[in-house]
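To start, the structure under review is shown below, and the notes come after it.
Numbering (our numbering), first residue to last: 15 to 238.
Encoded structure:
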């Protein structure tokens, strides 16, 4: 039984097949590149060079050593460049991260550095910071997962901003009741940081308004 003789391919068919192979290879390569490259992550990486993150020990047994905490608080209050870099409407994840870490820094610093005589008034003031941190964390997670309506996001942001304002007022009132230099030194830095945080939250509010459309659906919020 004779075998069928394959039909010879002409040059045009070979060129067409080669073109199809190139097109498939190009498509595969493009898909791999698009998968491997995260433009938002790249922008975040570039942006992060302008940021100075807070570094505060969590429940460190040596928290009584003031050097690192003083530096963290001084950095949060005095380093204007990292705050100004967050003014962009497209920097919402970074704005929220900065606000969350700043409230955490302020909480640890106040607990560790204020005199024992201010323990009770500080506890009352720091409650506002704790609530603020919780609201900001919920806001960030809700926006990243697109699980918040516009009104829910606005309400969380409003509560966080009010928390910082109330914290500042409560701390100022507590400082009027003491003449201890250490209390005023730490307290003044906490107050100035709270003022910067209020400004940051104003920018955060602008960003929240920007990402929501009129139909209450948030646009994509890039993950830093």
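Ideal placement from N, C-alpha and C gives every residue a C-beta, glycine not left out.
In summary, residue 223 is exposed, with fewer than 16 beta-carbon neighbours lying within 10 Å of its beta-carbon over all protein chains present. Straight across, the Cα-Cα distance linking residue 108 with residue 178 is about 18 Å. Annotated as proximal: residue 124 and residue 140, with beta-carbon spacing under 7 Å. Annotation for residue 172: the continuous alpha helix (DSSP H) segment containing it runs 164-189. Judged by beta-carbon spacing, residue 170 lies within the 7 Å limit of residue 152, meaning their Cβ atoms are closer than that value. Pairing residue 225 with residue 111, the inter-Cα distance amounts to about 17 Å.
The C-beta distance from residue 215 to residue 174 rounds to 6 Å, short enough to meet the 8 Å contact threshold.
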